[in-house]
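Residue numbers (the numbering used here): 9 to 392. Here is the structure we will look at.
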Amino acid sequence: MRRRCLILLCLLLFGGCMQSKNIDEYAYVLNVGVERGSTMPYLVTMLVSVPNGSEETKVENRVISAEARSFSEAYETLNAVYPSRLSFSRTSLLAIGEDLAKNGEQTAFLDFAFGKADLWQNLRIVVSKDPIREVFEGWISDGDPSLRKIKTAAGELMRASGTAADTGYGTYREAVSDKRFDAMLAYAGATEYGLTEDLVGNEAYPETGGSLLTESILKTSIAGSAVFRGDRMVGILDGRHTMEVLMATGAFKRGEMRFVLPDGQPVTAAFYRVRAPKRRGRGTQASAELFLEADLLAPETLSMESDALKSFLEKQLEAELSTVFRALQRVGSDAMGFGSVQAKRFRSAEEWEAYDWDADYRAMTVAFRVNVMISQRPHDPGTE
9 MRRRCLILLC LLLFGGCMQS KNIDEYAYVL NVGVERGSTM PYLVTMLVSV
59 PNGSEETKVE NRVISAEARS FSEAYETLNA VYPSRLSFSR TSLLAIGEDL
109 AKNGEQTAFL DFAFGKADLW QNLRIVVSKD PIREVFEGWI SDGDPSLRKI
159 KTAAGELMRA SGTAADTGYG TYREAVSDKR FDAMLAYAGA TEYGLTEDLV
209 GNEAYPETGG SLLTESILKT SIAGSAVFRG DRMVGILDGR HTMEVLMATG
259 AFKRGEMRFV LPDGQPVTAA FYRVRAPKRR GRGTQASAEL FLEADLLAPE
309 TLSMESDALK SFLEKQLEAE LSTVFRALQR VGSDAMGFGS VQAKRFRSAE
359 EWEAYDWDAD YRAMTVAFRV NVMISQRPHD PGTE
């Protein structure tokens with residue numbers, strides 16, 4: 009009897025081991041993208057990483073996709089045909105196709121797919137040029153097979169250059185549901201797409217629309233921002249204008265800008281946020297005061313004295329901030345978040361919802377004031 013029990017126990021133990029999955033049998037989904045399908049409502053694309061060894065760099069990266077009516081249907085289809093079981097434990101980026109974003113068609117899909125899963129709240133979310141497959145494939149590089157750059161690209165851009173928004177899925181959902189501000193998402197695209205004019209309508213900068221005028225191992229870049237009104241994309245901002253919106257909201261950390269002095273001499277300034285901006289608003293009147301420190305490239309070569317240069321930079325930024333605000337206002341996007349300032353004077357969510365913020369926003373005037381302190385010492389980006 010004891011012998012038979014021992015045999016049965018061994019069978020159960022070995023049976024459990026036979027059913028378990030080794031780590032190499034899983035494919036880790038790093039990116040998820042959704043855009044309009046051709047035969048079904050949605051085309052879901054995933055960038056997956058399959059470990060081929062014990063070291064992190066020994067991986068194989070692939071892009072797979074399926075048309076479906078929902079995320080779960082796409083997952084079931086891909087999981088059935090893909091040799092490895094799909095795991096979302098390492099997913100860090102969610103891409104919305106520009107075709108869906110312009111019509112707000114991603115809302116139903118995202119609410120149904122991700123609305124109740126805590127995993128998705130921390131995802132970095134971007135708007136992507138179509139097709140998303142090309143954008144994901146552009147991130148695959150023999151020089152970085154672990155795809156670490158995908159996980160940090162938008163965040164590093166915001167911290168190092170300020171030219172791209174860095175927005176999580178939870179923040180995006182808050183913007184859509186609470187309507188106290190509008191979302192601004194990083195804009196991803198293959199480098200071959202070329203420049204796109206932004207909402208301000210001035211000359212397109214190289215940082216516009218995921219297009220960088222450079223050649224590199226990666227064929228996809230994140231640059232500029234897609235601007236939303238509620239859940240609809242209403243335009244894009246280039247890198248410089250994105251930086252200025254981040255300055256106004258307080259999300260800015262550092263970034264470089266180039267100016268031309270009255271005598272035609274160019275000057276490059278690296279700006280750093282000193283402290284959070286002071287923002288006030290009531291009805292159709294609002295104000296924003298910014299506090300920045302600036303390092304100047306080769307200040308000894310400039311023709312303008314320090315005090316005059318300080319005043320010049322302040323006035324230039326104030327004028328540009330006003331121009332960007334009016335461009336956002338024209339399309340009804342509160343990407344600068346003045347609704348969040350207005351909402352603080354209401355005692356309840358019901359009072360805020362009853363307030364016609366949209367009407368006041370369209371009639372709003374904002375007084376921008378910029379304080380620039382010319383730095384006497386260079387910053388070390390590595391210590392930021």
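Every residue, glycine too, gets a C-beta built ideally from N, C-alpha and C. In this text the structure is predicted, and so the values were computed from the model without any measurement.
- T179 and L325 have their C-alpha atoms roughly 27 Å apart.
- Selection T171, M344, F279, K187 evaluated against M381 yields F279 as nearest (Cα-Cα).
- For R377, no alpha helix (DSSP H) segment is defined; the enclosing uninterrupted segment is the beta strand (DSSP E) at 373-382.
- Inclusion of I72 and Y90 in the CB contact set at 8 Å is warranted, their separation being smaller than that value.
- For A88, the three-state secondary structure derived from DSSP is helix.
- In chain order, V56, V58, S92, L94 place their CB closer than 6 Å to the CB of A35, counting only its own chain and leaving out the 5 sequence neighbours on each side.
- Scanning its chain for C-beta atoms nearer than 6 Å, with the 5 sequence neighbours on each side dropped, one finds around L336 the residues A343, in chain order.
- Among the bridge pairs identified by DSSP, T228 is matched with A198.
- If you check the CB distance, A259 and F267 do not come in under 8 Å.
- Only residues of its own chain outside the window of five on either side were considered, and among them L269, Q273, V275, L304, L317 have a CB closer than 8 Å to the CB of L310, listed in chain order.
- Buried is the label assigned to R240, since at least 16 other Cβ atoms lie within 10 Å of its Cβ.
- Spanning the alpha carbons of S319 and E313 requires a straight line of approximately 10 Å.
- When C-alpha distances from T331 are compared across A173, G209, G112, the shortest belongs to G209.
- Leaving aside the five residues that flank M255 on each side, the residues in its chain whose CB is nearer than 6 Å to its CB run, in chain order, L298.
- Residue pairing for T276: DSSP places it in a beta bridge opposite R266.
- In the three-state reduction of the DSSP assignment, M241 falls in the strand class.
- Between V42 and Q114, the CB-CB gap stays under 8 Å.
- In the three-state reduction of the DSSP assignment, A173 falls in the coil class, being assigned neither a helical nor a strand state.
- For E322, the CB contacts under 6 Å within the same chain, skipping 5 residues up- and downstream, are V378, V380 in chain order.
- Burial is judged here by how many other beta carbons sit within 10 angstroms of a residue's own beta carbon; K137 has at least 16 and is buried.
- Beta-carbon to beta-carbon, G112 and K261 are separated by about 31 Å, too far to satisfy the 8 Å threshold.
- Shown here for V253: same chain residues with a beta carbon closer than 7 Å to its own, the five before and five after excluded, namely M192, L245, V332, A343, M344 in chain order.
- N87 counts as exposed, since fewer than 16 other beta carbons sit within 10 angstroms of its beta carbon.
- If you check the CB distance, N69 and I148 come in under 8 Å.
- A327 and F79 have their C-alpha atoms roughly 45 Å apart.
- With contacts defined by Cβ atoms closer than 8 Å, S383 and E301 form a contacting pair.
- Taking C-beta separations shorter than 7 Å and ignoring five residues to either side along the sequence, the partners of G291 in its chain run D368, following chain order.
- Here DSSP, grouped into helix, strand and coil, assigns I148 to coil.
- Beta-bridge annotation (DSSP): N69 is paired with S57.
- Within its own chain, no residue has a Cβ closer than 6 Å to the Cβ of R181 once the five positions on either side in sequence are excluded.
- Of all alpha-carbon atoms in M48, G45, N130, G263, the one lying nearest the alpha-carbon of V282 is that of G263.
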